[in-house]
Structure formats: C-alpha cells, structure tokens
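Colleague: Numbering (the working numbering), first residue to last: 3 to 169. Built from N, CA and C at the ideal position, the CB exists for glycine as well. Since this is a predicted model, take the numbers as computed values, not measurements. My structure is below; once you've seen it, I'll send some questions.
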C-alpha cells in the first residue's frame, strides 16, 4: 500500500533509539540530582539540548513521510495517528512492525515521563532545602529559640543575622 512505509519505519526506529538515549539520560540525571553534582547535571542538560535538536529533525522527517503516505494513498486527514496508519495497512507484516515500534515508543516515553516527574520532585526538594537554609542563615538571631525568663531585661541593641539580607 505505502511506498514510503519502509522510510516511516526507519524514522520511527531512529526516534525510538533517541528515546532510549533520553531514558538513559533521565536515569543519569536522577542519580546526579540525588548526589548533588552540579557539574554532572550541567553536562546532562547540555546532552539533552543536543538530543532535542536531533529529535526535532527526525520529527520533521516523520511528518514529511506521513504526509507523503497520505498523498500517495489519497487519504485526507489533518491529523493522523499511528493507529490510523495501522488500520490502513494491507500487509499483516507491516501492521505488526508498526504496532511493535508504536508499543516500544509508547512504553519508553512513559518511562521517561515517570523519571522526569521524579526528577522534578527531586529538584523541588533541593530548592526547598536551599530556601530553608538561606532563611536560617539570614534570620534575626535576636528572635531566640530558647526559653528566657519573662522579667529579665534583654539588650535593646539589635543583633544582625549572619548575613545582612538588606545588602
């Protein structure tokens, strides 16, 4: 049915390979966030930006191939899904190949999403910890946390915090 079908499978396999790379990066990022290694995190973010460029190019190619398939087969659709393509395939082997790659892509993307959610939580925890630490360092020490006798006179001279937060 589709002369462009082999190219579609090829592009989807390349996208799948890149998704596996992203899954590996997400796992590395999780460990780096746990370890608190800013240098390694910076490297991973750099690799992610390169990955995004590669995926964008492949996604453009995928869209061109799908459009070619639609044109070749006089299929009119603004949006077409992989399931729509599967339903339009005549060959059981082609259907199986497309279903397999679709399943692999879906599973990998779900794993990446779960890891990204976890990494987001780790980053939020780190930010809360940093914020709390900054608050402890910059708070007014005259607000003492220990018990003092109500009738004892405290010094009227204000003590400054470890850091002057007005600076």
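Out of 101, 63, 129, which has the shortest C-alpha to C-alpha gap to residue 86?
Modeller: 101
Colleague: Starting from the C-beta of residue 99, find all residues in its chain whose C-beta is less than 7 Å away, skip the five residues before and the five after it, and write them out in chain order.
Modeller: 11
Colleague: Just reading off the alpha helix (DSSP H) that residue 35 is part of, what are its end residues?
Modeller: Boundaries of the alpha helix (DSSP H) around residue 35: 7-37.
Colleague: Go ahead and label residue 79 buried or exposed: buried means 16 or more other beta carbons lie within 10 angstroms of its beta carbon, across all protein chains shown.
Modeller: exposed
Colleague: Which residue comes first and which comes last in the alpha helix (DSSP H) that contains residue 74?
Modeller: 40-74
Colleague: Using only alpha-carbon positions, find the residue among 103, 75, 82, 81 that is nearest to residue 92.
Modeller: 75
Colleague: Distance, Cα to Cα, residue 9 vs residue 29?
Modeller: Distance between residue 9 and residue 29, taken at the CA atoms: about 30 Å.
Colleague: Looking at the unbroken alpha helix (DSSP H) that takes in residue 95, where does it start and where does it end?
Modeller: 94-140
Colleague: Looking only at its own chain, which residues have a Cβ that is under 6 Å from the Cβ of residue 31, when we skip the five neighbours before and after it?
Modeller: 46, 121
Colleague: For residue 82, which three-state DSSP category applies?
Modeller: coil
Colleague: For residue 15, which option in 33, 108, 134, 126 has the closest C-alpha, if you only look at C-alpha atoms?
Modeller: 108
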